[in-house]
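Protein chains in written order, with our numbering: chain L, 60 to 513; chain G, 17 to 300.
The beta carbon of each residue, even a glycine, is placed where N, CA and C say it ideally should be.
Take a look at the structure set out below.
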Amino acid sequence: MSQDDGFIAKILSILASLKLTLFVFFALAGASVIGTLLPQGMGSAELESQFSPTMALIIDRLSLNNLYHSGWFRVLLLLLCMNLLACTLDRLPKTVRLLKREDDSFTAEKIARFSHSRTFVTEMKVDQAAPMLRFAVEEVFGPIRVLKDSDTFCAVSEKGRWSRLMVYGVHLSVLVVLAGAIMGSVFGFKGFMNLPEGESADEVILGGGGGHFILLPFKIRCDKFDVSFYDTGLPKDYRSDLSILEDNREVLKESIRVNDPLTYKGVTFYQASYGNMLKTAELVLTDRESGKTMSMIVPFQQVRNIPGTDDVLRISEYQESFMNFGPALGIVVGKGGPENVAGSWILVNRPDFHGNKVHNYQIRVMGTERVSYTGLQVKKDPGVVLVWVGFSLMIIGIGLTFYSSHKKIWVCVESNGERGGSLVAIAGRASRDVQGFEEKFAELSKHLEDRLPT
Amino acid sequence: MTSSFLLSITTFAYLACTVVYLSGTVFRAKHLLKLGTILGVATLLIQTAGICLRWVESYQMGYGHAPLSNLYESLVFAAWAIMLTYLVFEARVKQRALGVFPALFAFLAMAYASFSKDMDSRIQPLLPALKSNWLIAHVITCFLGYAAFAVSFGISVLYLYRKRSNPGNPNPGPKGAFAILPDALHLEVFNYQMILFGFLWLSVGIITGSVWANSAWGTYWSWDPKETWSLITWLIYAALLHARTMKGWKGERVAWLSMLGFGCVLFTYFGVNFLATGLHRYAR
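Dropping the structure here:
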């Protein structure tokens with residue numbers, strides 16, 4: 060049993076050690092360096108083309124291409140948390156005991172050994188000098204607590220005891236921020252939606268690829284999207300006028316801009332991007348075997364029969380700028396139905412391009428009807444409040460840890476025996492800013508000496 | 017009078033200031049050091065006027081934003097923050113002999129901003145992503161942190177010089193060349209105070225950036241390279257602060273860590289721009 064205890068105590072002491080703290084700090088820093096130098100999110104095909112097989116294998120095994128979400132990076136963060144917890148368990152009780160401890164009475168000789176101390180002799184008797192001393196300390200430093208007041212006078216005065224606890228606040232704040240981050244990733248989501256002007260949707264495509272999506276409990280409609288530009292041609296403002304629909308009833312109308320999102324039922328919509336989407340295209344098809352021409356209007360991504368034939372056609376893709384040739388339609392034609400399928404990119408602005416053909420049809424785009432869409436970043440993060448609490452605690456904690464200090468003054472008056480008068484000793488200690496305290500202490504002792512005739 | 021005229025004076029005045037501080041330190045001439053302080057304060061005032069004037073000019077052009085929006089403006093502000101931080105520190109500790117590095121850094125930042133050929137010093141309109149009140153809070157707090165770390169770098173170099181010029185003595189006093197410098201013990205304490213100040217402001221800077229990112233992009237942390245490098249910097253200085261409580265780490269190791277930390281600051285500021293991706297592209 061004692062062996063077990065020893066083992067646990069050893070683990071605890073390692074977890075609470077400053078060495079572990081430093082290790083975790085440097086390890087996290089080193090990992091982050093790799094994470095910024097090596098592009099994140101590379102797929103295995105990209106890895107194989109850019110690195111030697113061994114390197115690609117190492118990167119893949121250690122998840123260096125998805126480092127911040129890898130298991131070992133999370134282990135480092137977990138170690139950081141355990142280190143913080145173990146340190147707190149180890150030290151907080153000691154600090155509390157230190158703050159709670161009753162002061163014992165002391166002698167002039169004892170406090171004269173403190174690093175800041177001063178001893179001098181006054182001609183006054185102890186019972187005369189003590190009230191004077193008490194008054195002088197309270198005047199310059201703060202309220203005094205008398206420990207002994209008989210033939211010897213002992214008292215202490217202290218300020219900023221809470222300062223010693225502030226560092227625990229900083230450590231707690233790190234845990235709170237991480238807890239908020241975990242809460243966000245468990246109970247929240249992050250995704251995007253491209254909303255054409257005038258249309259509504261409730262489908263949010265989740266980030267991270269894979270085409271996963273979730274449905275919102277309400278619909279959102281883009282009434283208008285607007286970009287404005289400066290004279291220099293740089294973008295000035297992106298604005299989307301949005302409406303929230305519950306059971307097809309408008310419940311909220313609001314405009315969003317970059318830096319000015321809209322939140323509804325815990326879901327926030329951010330202005331992220333914009334672009335143009337195809338609505339319909341007018342096509343003229345020439346059958347190169349019979350020479351017949353057919354004209355048709357095709358809505359984007361819908362299957363239409365080619366007039367006078369058994370063939371079907373669909374515009375499956377649209378690009379605003381196809382390899383610098385301007386806009387292009389990705390058209391798929393099914394010969395005699397959707398089985399015998401072929402497709403090609405048809406350039407909109409170059410009707411004579413010889414490649415504008417699918418199967419036996421030469422295709423010309425006579426016109427397109429486009430609609431602009433707004434790209435919204437959609438997010439729900441119930442942990443963000445916790446993160447803000449952690450951040451506030453961290454700033455306040457760091458500020459007070461650095462710039463407040465626990466200062467304590469000891470004073471003692473003893474009879475100076477046969478030589479007459481009394482012996483006065485004062486000492487001081489500060490938990491921080493020792494230099495600043497040294498000056499204050501020198502001022503205080505000078506003030507006391509001036510008060511008591513020597 | 018235009019802002020660019022005032023800012024060109026500033027560049028050369030910081031060079032003069034560097035030379036005066038260096039001469040004062042090398043020749044142990046107190047009156048030269050005092051001249052350095054006077055030059056520093058005067059230049060800082062001229063630069064402050066220049067920055068304010070640029071702000072006014074941006075309103076006259078119809079853009080109306082604080083001059084903190086691109087690399088040129090941030091370099092000018094960095095020089096300003098370094099000198100302000102240093103001069104306040106100098107007044108507090110009543111120690112003039114540490115001005116060489118801050119003045120040099122301020123000059124280098126201004127020179128880079130003024131003379132680099134791919135630097136665009138025109139006043140430009142603000143991109144939509146930058147239109148936020150967080151811009152001012154984020155940039156000012158970050159640069160106060162960077163400035164303190166720049167001053168700390170200078171003190172660390174002088175501390176190591178002091179230690180090494182007199183190896184046997186754990187606390188070498190003023191003797192020999194650079195005798196006007198404070199002793200090693202004081203340098204160590206000054207360095208520590210500067211790092212505390214820098215760490216506090218770096219923390220506030222990262223946090224304001226994070227709050228801003230959340231309102232602009234919907235995420236308070238996205239492992240963007242600049243974000244990540246500011247975290248790396250924060251971790252290095254956090255390690256330094258913790259290490260200093262370990263006995264063997266006081267002194268030289270802390271000085272080395274401070275220099276490493278400032279290397280991270282420089283990479284966060286400049287190096288990250290050479291990496292391919294990131295949200296902070298407008299700061300190039």
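{"Query": "Beta carbon proximity, Pro198 of chain G to chain L, threshold 9 Å", "Result": "no"}
{"Query": "Coil, strand or helix - Lys416 of chain L by DSSP", "Result": "strand"}
{"Query": "Residues bridged to Gln330 of chain L (per DSSP)", "Result": "L:Leu435"}
{"Query": "Beta-carbon spacing of Phe93 of chain G, Ile25 of chain G below 9 Å", "Result": "no"}
{"Query": "Counterpart residues of Tyr297 of chain L in DSSP-defined beta bridges", "Result": "L:Val286"}
{"Query": "Within-9 Å CB hit, Pro241 of chain G to chain L", "Result": "yes"}
{"Query": "DSSP-derived helix/strand/coil call for Leu275 of chain L", "Result": "strand"}
{"Query": "Neighbour-count burial assignment, Tyr75 of chain G, 16 or more Cβ in a 10 Å radius", "Result": "exposed"}
{"Query": "When L:Phe381, L:Ser314, L:Asp261 are compared against Lys283 of chain L, the one with the closest alpha-carbon", "Result": "L:Ser314"}
{"Query": "Endpoints, alpha helix (DSSP H) assigned at Ser219 of chain G", "Result": "200-232"}
{"Query": "Tyr298 of chain G, DSSP secondary structure in three states", "Result": "Confidence at Tyr298 of chain G is low in this model, with a pLDDT of 49, below 50, so its placement is unreliable and no value can be given for it."}
{"Query": "Lys169 of chain L: first and last residue of the uninterrupted alpha helix (DSSP H) it sits in", "Result": "167-170"}
{"Query": "Residue-level contact to chain G via CB, Trp447 of chain L, 9 Å cutoff", "Result": "yes"}
{"Query": "Any C-beta of chain G under 9 Å from that of Thr291 of chain L", "Result": "yes"}
{"Query": "His47 of chain G, DSSP secondary structure in three states", "Result": "helix"}
{"Query": "Exposure label - Ser246 of chain G; buried when at least 16 CB within 10 Å", "Result": "buried"}
{"Query": "Where Gln76 of chain G falls: helix, strand or coil (DSSP)", "Result": "helix"}
{"Query": "Nearest-angstrom beta carbon gap, Lys439 of chain L and Gly325 of chain L [assumed within contact, 8 Å]", "Result": "5 Å"}
{"Query": "Residue-chain proximity (Leu84 of chain G, chain L), Cβ-Cβ < 9 Å", "Result": "no"}
{"Query": "Val104 of chain G at chain L interface by Cβ criterion, 9 Å", "Result": "no"}
{"Query": "Proximal chain G residues relative to Gly250 of chain L, where beta-carbon distance stays under 8 Å", "Result": "By Cβ distance, chain G contributes nothing, its closest Cβ being about 10 Å from Gly250 of chain L, past 8 Å."}
{"Query": "Supposed contact pair Trp71 of chain G and Ala58 of chain G - C-beta distance, whole angstroms, cut 8 Å", "Result": "With a Cβ gap of about 21 Å, Ala58 of chain G and Trp71 of chain G do not count as contacting."}
{"Query": "Buried or exposed (CB count within 10 angstroms, at least 16 for buried), Ala195 of chain G", "Result": "exposed"}
{"Query": "Range of the contiguous alpha helix (DSSP H) that encloses Pro112 of chain L", "Result": "112-120"}
{"Query": "Where Leu142 of chain G sits in the DSSP three-state scheme", "Result": "coil"}
{"Query": "Per-residue contacts from Ile457 of chain L into chain G (C-beta, under 8 Å)", "Result": "Phe215, Leu216, Ser219"}
{"Query": "Same chain, Cβ closer than 8 Å to Val352 of chain L, neighbours up to 5 away in sequence not counted", "Result": "Note on identity: in this sequence residue 352 of chain L is Thr, with Val being the wrong assignment. Once the five neighbours on either side are set aside, the close Cβ partners of Thr352 of chain L are Val343, Leu344, Thr345, Asp346."}
{"Query": "Cβ neighbours of Gly221 of chain G in the same chain (closer than 7 Å, five flanking residues each side left out)", "Result": "His154, Thr157, Cys158, Gly161"}
{"Query": "Sequence-distant residues of the same chain with beta carbon closer than 6 Å to Ala163 of chain G, five excluded per side", "Result": "Ala97, Ile98, Thr101"}
{"Query": "Segment contact flag, the stretch 434-448 of chain L with the stretch 143-151 of chain L, C-beta cutoff 8 Å, min 3 pairs", "Result": "no"}
{"Query": "Inter-residue spacing [alpha-carbon to alpha-carbon] between Phe272 of chain L and Ile211 of chain G", "Result": "47 Å"}
{"Query": "Closest by C-alpha distance to Ser276 of chain L, when choosing among L:Val286, L:Val263, L:Asp285", "Result": "A quick correction: the sequence has Pro, not Ser, at residue 276 of chain L. Nearest C-alpha to Pro276 of chain L: L:Val263."}
{"Query": "Range covered by the alpha helix (DSSP H) that runs through Met275 of chain G", "Result": "268-285"}
{"Query": "is_contact[Tyr432 of chain L, chain G] using C-beta, thresh 9 Å", "Result": "no"}
{"Query": "Residues that DSSP places opposite Ala214 of chain L in a beta bridge", "Result": "L:Val205, L:Val470"}
{"Query": "Val247 of chain G at chain L interface by Cβ criterion, 9 Å", "Result": "It should be pointed out that residue 247 of chain G corresponds to Leu in this sequence rather than to Val. It does: the Cβ of Leu247 of chain G has a partner Cβ on chain L nearer than 9 Å."}
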